[in-house]
Amino acid sequence: MRDGTSFSHGLIDFIVLSGNSSKLWLFPIVGAGYAIVYYTVFRVLIKALDLKTPGREDTTDDAKAGATSEMAPALVAAFGGKENITNLDACITRLRVSVADVAKVDQAGLKKLGAAGVVVAGSGVQAIFGTKSDNLKTEMDEYIRNS
């Protein structure tokens with residue numbers, strides 16, 4: 001029995017180098033055995049040590065409050081209220097809001113709501129929320145129209 005010699009010992013190595021091996025039928029059996037061992041060991045370790053693998057992180061109150069439908073009223077208030085917002089737009093990472101009075105914008109409040117940063121240029125305010133910016137814009141639009 002012989003294995004491939006490259007980094008991952010993958011399927012291509014198995015096919016290309018299979019002429020150099022004996023007892024080729026053992027590879028799937030050994031592979032299945034290792035898969036069972038890896039699965040069992042890591043599942044037990046993850047459960048016993050309560051490892052925070054992706055999808056198993058603890059949710060915080062901040063994350064629960066971060067639902068976009070709950071954030072829309074707070075965002076509108078942080079931008080100085082719906083009367084202060086003259087235009088609302090978003091790109092992939094930024095919520096772009098034109099306001100009547102920049103002094104009414106609560107930059108610290110925007111950061112508490114999850115903005116990584118706030119940029120003020122003239123009468124425009126850009127709050128950097130990452131990829132959820134477009135969803136926040138939609139929620140704010142609906143909130144402004146319905147309130």
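Start counting the sequence shown at 1; every next residue gets the next number (the UniProt record's numbering). All C-beta atoms in this analysis are idealised placements derived from N, C-alpha and C, irrespective of residue type, glycine included. A quick note: this is a predicted structure, and the numbers were derived from the prediction, not measured.
Are Q107 and V97 close, meaning C-beta to C-beta below 9 Å?
no
Let's test the definition: count the other Cβ atoms within 10 Å of the Cβ of L51 and tell me whether it reaches 16, buried, or not, exposed.
exposed
K23, buried or exposed, once every other Cβ within 10 Å from all chains shown has been counted against 16
exposed
Spatial neighbours of A78 within its chain, please: CB distance less than 6 Å, with the 5 preceding and 5 following residues excluded, ordered by chain position.
D106, G109 and L110
Which residue wins for smallest C-alpha separation from F129, given the options G117, M140, G122 and T138?
Considering only alpha carbons, the answer is G117.
Local conformation of V76 per DSSP, three classes:
DSSP, reduced to helix, strand and coil, places V76 within a helical segment of the structure shown.
For the 8 Å Cβ check, are there 3 or more pairs between the stretch 137-147 and the stretch 67-76?
Touching, yes, given that three or more Cβ pairs across the two stretches are closer than 8 Å.
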